[in-house]
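Just below is one structure, and these are the notes that go with it.
Residue numbers (the numbering used here): 305 to 405.
This is how it looks when you write it as structure tokens:
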């Protein structure tokens, strides 16, 4: 991926003979709106999450000490999920679309 980014940048700047890459028009800005700390060593994710996985309102993200569900309060994205977080550390962030660029 890094190779393609560098190649496209050089082409965009006209520093190589390669054709200029097409402009990206379908971007989406996100805003982090909530940080969720891990409260206990037994807090668990319900699945393996990756940054920018989409979550839907009411979707269960994890459980607290094997009991209380941790749910998404709105449609958005999970960011920087950390299954190895210690209690009191950031477990994951939630992000939502933003009109601000």
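Where a beta carbon is used, it is the ideal one built from N, C-alpha and C, also for glycine.
Nothing here was measured: the structure is a model prediction, and the numbers come from that model.
Is residue i close to the ligand GDP? I mean its beta-carbon at under 7 Å from any heavy atom of the ligand.
i           : result
residue 354 : Absent from the structure shown: the ligand GDP. Ligands present: none.
Here's a check: name, in chain order, each residue in its chain whose Cβ is nearer than 7 Å to the Cβ of residue i, leaving out the five neighbours to either side.
i           : result
residue 375 : 362, 363, 364 and 365
residue 346 : 369 and 370
residue 380 : 359, 398, 399 and 400
As a quick exercise: from the options, pick the residue whose alpha carbon is nearest that of residue i.
i           : options               : result
residue 382 : 401, 370, 369 and 371 : 401
residue 373 : 360, 348 and 314      : 348
residue 338 : 378, 387 and 404      : 378
residue 328 : 334, 316 and 322      : 316
residue 403 : 312, 360, 334 and 396 : 334
residue 324 : 351, 313 and 359      : 313
residue 387 : 350, 326, 311 and 331 : 350
Are the Cβ atoms of residue i and residue j separated by less than 8 Å?
i           : j           : result
residue 399 : residue 336 : yes
residue 322 : residue 311 : yes
Whose C-beta lies closer than 8 Å to the C-beta of residue i among residues of the same chain, with five residues either side of it excluded?
i           : result
residue 397 : 336, 338, 339, 340, 382, 383 and 384
On the three-pair Cβ rule with 8 Å, is the stretch 385-401 touching the stretch 339-346?
yes
Check whether the stretch 345-364 touches the stretch 307-316, counting contact only when three or more Cβ pairs, one atom from each stretch, lie closer than 8 Å.
no
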